[in-house]
Amino acid sequence: MANGMGSLYIGASGLQNSQNALNTTANNLANADTKGYVRQQVLFADRSYVTFKSAAISKQQAGLGLAIADVVHTRDMFLDKYYRRENGRQAFYEANYLAVQDVEDIFQELEGMQYQNVLEDFWDSFEELSKGPNEEVNQNLVVQKATLFIERSQGIYQNMKEYQKRINIKIREGIDRINELGHTIQELNQEIMRIESGGIETAMTLRDERDNALDELSALAKIDVREDVNGAVRVRLENVEFLDEVHVFEIGTITDEITGFVTPIWPQLSDMARGKYTPMFDYNVDISPELNTDIGQLKALVLTRGEKIGNYRDVTGVSADKYNNGAGMSVMVSAEAELDQMIHEIITAINDVFSPTTTASFTATDGTRYTDVRVWDEENACLGQDGEKPGRELFTRRGCDRYTAVTEQGTGKIYYVYNEEDPQDTSKMYTTQGVTVNHDLLEIESGLPHLDKNGDPDWDLAHKLVNLWEEKKYTVNANDTNPCSFKEYYQRMINGIGAKGDVFGGLATDLEGEVASIENSRQQVFGVSSDEELQNMIKYQSAYNAASRFINVISEMLEHLVTRL
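Numbering of the sequence shown is given in the working numbering, commencing with residue 74 and proceeding in unit increments.
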């Protein structure tokens with residue numbers, strides 16, 4: 074009787090554990106398509122054995138049934154680390170590639186060559202002027218095409234500035250999301266430690282949620298993850314402690330008062346009261362896969378946007394090292410600077426033909442000494458039909474006139490001193506946003522300089538304007554050592570942007586395939602296979618049925634013993 078009743082408990086253990094295994098399998102099947110879900114595997118073990126008798130070669134023992142030793146929650150930490158690193162690297166190059174695509178769209182309007190056509194039309198207007206510089210229709214054509222040229226250039230430049238603002242919004246959102254994920258992971262740390270502190274239960278669902286959060290975080294920034302013995306994870310973000318089981322060190326921001334651009338910083342490492350900030354990203358280290366400095370979407374967005382709005386001074390006269398460590402690091406700043414350089418060179422070259430300068434030294438009536446200053450070259454200059462001095466420039470700065478009239482002491486001669494560009498005030502520079510077509514030329518007929526000092530049409534001036542477009546003395550940036558003409562500059566600039574896009578796009582595509590391959594390897598470790606789970610379900614159901622039949626046999630035997638004997 075005792076053995077019979079004990080056998081019932083052995084059968085009951087089979088029923089119970091088979092049922093639990095079926096429940097685990099059903100849970101796996103229900104979450105087969107759940108992102109980040111880790112397959113739960115049942116590991117069976119024998120319960121204790123009771124020894125009845127010992128012999129020389131073996132023991133006589135009776136088992137007490139079946140037990141679930143563990144429900145295995147398996148992950149490969151090496152694959153996780155590999156996946157998160159390459160996931161962040163793919164996000165870095167993807168963000169750069171999308172930025173280059175958008176810049177190309179701004180310039181070329183997807184398929185068009187409209188801006189190239191504007192440049193060609195502007196050049197053609199000077200060709201027409203060279204056929205008859207004294208004809209008003211040709212002069213009006215130059216003014217008209219100049220207006221179209223500057224308006225179109227300003228439109229492109231403004232679109233790039235607006236795109237920088239959109240990137241800035243993405244940066245804010247990225248920072249907020251990183252901080253939010255940090256708090257999510259920290260809260261999950263607390264829950265996991267509370268549940269697993271007894272050493273009996275594994276917080277599987279919470280661990281899955283935490284791993285999902287870490288995977289998402291890895292796409293936004295470079296992370297290093299380490300799990301403590303208590304089940305909590307510590308995360309270092311860009312080589313700085315970001316969170317532990319107790320604290321989250323949020324990313325802070327500082328905002329530029331002029332541009333509105335935000336820069337991510339580490340508040341805990343900064344002296345906010347003294348205005349000394351520790352940036353989140355260290356740009357003194359080269360961006361390269363070998364150094365693992367090309368990881369994270371947020372870093373790519375900050376680099377792409379840049380820290381300022383570019384102009385020609387970021388390119389013109391700058392060494393290759395300074396360019397590569399400055400404007401060249403940013404897709405947007407380099408594109409803005411290279412465009413602005415082209416506009417600046419075209420404008421100043423044309424203005425110097427219409428209103429040429431020379432150098433002079435003299436003393437003004439107020440005693441000011443001028444030494445080797447640029448002044449209007451009256452001897453070689455042309456005038457408009459109205460004879461206005463000095464000769465008008467085609468493009469004017471919004472912040473100042475081209476010349477200031479200064480009277481020489483003693484002789485009374487008037488010098489028209491050129492107002493040099495002020496790098497501290499963009500309105501006094503010939504930048505894309507700081508210039509406009511001379512309003513006098515829009516109002517005064519034949520106001521464009523075209524008559525020499527004898528009052529005759531100056532054919533040489535017209536030919537100089539045409540030849541400007543063919544002179545090969547301009548470079549797109551410091552890395553471009555092959556001089557080009559105005560006609561070639563724009564296409565070379567676009568080709569350079571396209572080359573960046575090809576590099577970023579190729580790397581992003583290759584890394585996308587690599588990330589997918591790593592994810593497939595991870596799924597082989599913890600992913601749910603419906604076919605395999607169905608096989609397990611059949612196996613556990615058969616075990617359940619066998620335990621049920623076993624109990625039925627024992628029950629019938631006990632009934633026979635009780636009622637028949």
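Glycine included, C-beta positions come from ideal geometry on N, C-alpha and C.
Inter-residue distance for Gly485 and Tyr350 is about 57 Å (C-alpha atoms, whole angstroms).
Collapsing the DSSP output to three states places Lys126 in a strand. The residues Gly138, in chain order, have a CB closer than 7 Å to that of Tyr82 in the same chain once the five nearest residues on each side in sequence are set aside. If only uninterrupted alpha helix (DSSP H) runs of at least 4 residues are considered, those enclosed by the segment 529-600 are 532-541 and 559-599. Between the C-alpha atoms of Ile627 and Gly84 there is a straight-line separation of about 9 Å. Looking only at Ser127, Gln113, Tyr476 and Gln134, the smallest Cα-Cα distance to Asp119 is reached by Gln134.
Under the three-state reduction of DSSP output, Phe354 falls in the coil class, being neither helix nor strand. Approximately 4 Å separates the beta-carbon atoms of Gly379 and Val406; this is inside 8 Å, confirming the contact. Under a 10 Å Cβ-count criterion, Ala581 is classified as buried, with 16 or more other Cβ atoms of the shown protein chains found around its own Cβ. Contact between the segment 282-301 and the segment 213-229 is absent: fewer than 3 CB-CB pairs across the two stretches fall below 8 Å. Of the other Cβ atoms in all chains shown, fewer than 16 fall within 10 Å of the Cβ of Pro556; this residue is therefore exposed. Here DSSP, grouped into helix, strand and coil, assigns Ser519 to coil. For Gly325, the enclosing beta strand (DSSP E) begins and ends at Gly325 to Thr328.
With 16 or more other CB atoms across the displayed protein chains lying within 10 angstroms of its CB, Ala454 is buried. Proximity of the segment 429-442 to the segment 478-498 meets the contact definition, three or more beta-carbon pairs being nearer than 8 Å.
A distance below 8 Å separates the beta carbons of Ile517 and Asp459. The residues Ser558, in chain order, have a CB closer than 6 Å to that of Glu543 in the same chain once the five nearest residues on each side in sequence are set aside. The residue from Ile416, Glu418, Val446 and Ile419 with its alpha-carbon nearest to that of Thr430 is Val446. Leu171 has its alpha-carbon roughly 42 Å from the corresponding atom of Lys537. Setting aside the 5 residues that flank it on each side, Thr326 is surrounded in the same chain by Ile248, Val335, Thr336, Pro337 and Ile338, each with a C-beta closer than 7 Å to its C-beta; the list follows chain order. Inter-residue distance for Asp194 and Thr469 is about 21 Å (C-alpha atoms, whole angstroms).
In this chain, the beta strand (DSSP E) harbouring Phe117 covers Gln113 to Asp119. For Phe322, the closest of Ala305, Asn312, Pro340 and Ile331 by C-alpha to C-alpha distance is Pro340. In this chain, the beta strand (DSSP E) harbouring Trp449 covers Arg442 to Trp449. Taken in chain order, the complete beta strand (DSSP E) segments of 3 or more residues contained in the segment 397-443 are 430-436. Assigned with DSSP and collapsed to three states, Gly136 falls in strand. In the structure shown, the three-state DSSP call for Arg475 is coil.
Within the same chain, and ignoring the five residues on either side of Asn262 in sequence, the residues whose Cβ sits closer than 6 Å to its Cβ are Ala305 and Glu318. Apart from the 5 residues on each side of it in sequence, Thr275 sits with its Cβ closer than 6 Å to the Cβ of His146 in its chain, given in chain order. Here DSSP, grouped into helix, strand and coil, assigns Val302 to coil. Within the model, the alpha-carbon separation for Ala129 versus Ser121 is close to 21 Å. Taking 8 Å as the cut-off, the beta carbon of Lys243 is found no closer than this to the beta carbon of Leu342. For Glu314, the enclosing beta strand (DSSP E) begins and ends at Val313 to Leu316.
In the displayed model, Ala620 falls within a helix according to three-state DSSP.
Contact between the segment 590-604 and the segment 85-100 is absent: fewer than 3 CB-CB pairs across the two stretches fall below 8 Å.
Residue state for Ala142 is assigned as strand, using DSSP reduced to three classes.
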